[in-house]
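Working notes for the structure below.
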Amino acid sequence: MIFYITGPVRSGKTTFVSNWINDDSHGSRSVDGILAPVIGGKRFLKRVSGDALMCLEYENKNCISGLNNILKTGNYIFDKRIFEKGRYELLDAFLKKPKWLVIDEIGNLELIGEGLEPAITKILNERDENVNLLLLIRDKLLEKVFHHYNINEAKNFRTTEII
Numbered sequence: 053m054i055f056y057i058t059g060p061v062r063s064g065k066t067t068f069v070s071n072w073i074n075d076d077s078h079g080s081r082s083v084d085g086i087l088a089p090v091i092g093g094k095r096f097l098k099r100v101s102g103d104a105l106m107c108l109e110y111e112n113k114n115c116i117s118g119l120n121n122i123l124k125t126g127n128y129i130f131d132k133r134i135f136e137k138g139r140y141e142l143l144d145a146f147l148k149k150p151k152w153l154v155i156d157e158i159g160n161l162e163l164i165g166e167g168l169e170p171a172i173t174k175i176l177n178e179r180d181e182n183v184n185l186l187l188l189i190r191d192k193l194l195e196k197v198f199h200h201y202n203i204n205e206a207k208n209f210r211t212t213e214i215i
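In my numbering, the protein residues as written are 53 to 215.
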């Protein structure tokens with residue numbers, strides 16, 4: 053089943069999911085995937101089942117001219133190499149077939165084939181029915197994302213009783 057969480061930028065989607073993952077008091081959830089927390093004002097990628105944080109934002113914003121390893125979107129300048137690592141981690145998590153696979157987040161970059169693509173498309177096309185996908189999507193992009201990925205059926209995670 054596909055579940056989604058939607059809301060504006062920096063509205064607490066990642067925090068909500070992190071709290072849900074950490075609140076597994078019975079230890080019955082098998083969760084993996086990628087989270088994109090903001091820490092100290094910077095966006096990171098983090099494997100759900102690991103501890104390593106990878107800073108997505110390019111560190112030296114004054115020196116980006118001519119660089120091939122950056123992605124610019126809005127006010128952000130991201131390091132493509134971190135997205136590459138994120139795609140690897142996401143696909144590795146997918147292959148482990150957890151009960152829940154978190155993808156944080158599907159945004160403008162993914163809609164143009166960047167960011168966590170093509171990993172997201174591969175996961176959606178090859179997903180196992182026993183693995184629940186939890187997609188974090190900006191509210192303004194929800195319909196575009198569903199259309200782009202041909203998602204015809206999904207449940208709102210916040211309004212669904214989850215055990």
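Here a beta-carbon is modelled for each residue, glycine too, at the ideal position from N, C-alpha and C.
Bridge partner(s) assigned by DSSP for residue i
i, result
"Glu-109", "Phe-130"
"Ile-164", "According to DSSP, Ile-164 bridges with nothing at all."
"Leu-87", "Lys-98"
"Leu-185", "Ile-54 and Leu-153"
"Gly-59", "Arg-190"
"Lys-174", "Lys-174 pairs with nothing; no bridge assigned."
"Asn-202", "DSSP, once it has assigned bridges, lists no residue as partnering Asn-202."
Assigned exposure category for residue i - 16 Cβ within 10 Å defines buried
i, result
"Gly-93", "exposed"
"Ala-171", "buried"
"Glu-205", "exposed"
"Asn-184", "buried"
"Arg-99", "buried"
"Ala-159", "Looking at the sequence shown, residue 159 is not Ala but Gly. Buried is the call here."
"Leu-108", "buried"
"Gly-167", "buried"
Cβ-Cβ distance between residue i and residue j below 8 Å
i, j, result
"Ile-86", "Gly-165", "no"
"Thr-66", "Asp-156", "yes"
"Phe-209", "Leu-194", "no"
"Tyr-201", "Leu-176", "yes"
"Asp-180", "Gly-59", "no"
Best match in the options for proximity to residue i [C-alpha to C-alpha]
i, options, result
"Asp-76", "Tyr-56, Thr-58, Gly-64 and Trp-152", "Trp-152"
"Glu-141", "Asp-84, Ile-57, Gly-59 and Lys-124", "Asp-84"
"Glu-270", "Phe-146, Glu-169, Ile-129 and Lys-148", "Only positions 53 to 215 of the chain appear in the structure, and residue 270 is not among them; the question remains open."
"Leu-163", "Thr-125, Lys-148 and Ile-129", "Thr-125"
"Lys-148", "Arg-62, His-199 and Asn-182", "Asn-182"
Between the CA atoms of residue j and residue i - distance to the nearest angstrom
i, j, result
"Leu-105", "Arg-95", "10 Å"
"Ser-70", "Asn-120", "32 Å"
"Leu-188", "Phe-55", "9 Å"
"Ile-203", "Ile-91", "31 Å"
"Glu-111", "Ala-88", "17 Å"
"Ile-215", "Ile-122", "Since pLDDT at Ile-215 reaches only 48, below the 50 mark, its modelled position is unreliable, and no value is offered."
"Val-197", "Phe-68", "21 Å"
"Arg-81", "Leu-143", "19 Å"
"Phe-146", "Gly-102", "14 Å"
"Val-154", "Trp-72", "11 Å"
"Lys-174", "Ile-57", "20 Å"
"Tyr-128", "Lys-207", "30 Å"
"Arg-62", "Leu-97", "15 Å"
"Phe-130", "Gly-64", "21 Å"
"Phe-53", "Ile-134", "The question names Phe, but residue 53 in the sequence shown is Met. Each residue's Cα considered, the two are about 28 Å apart."
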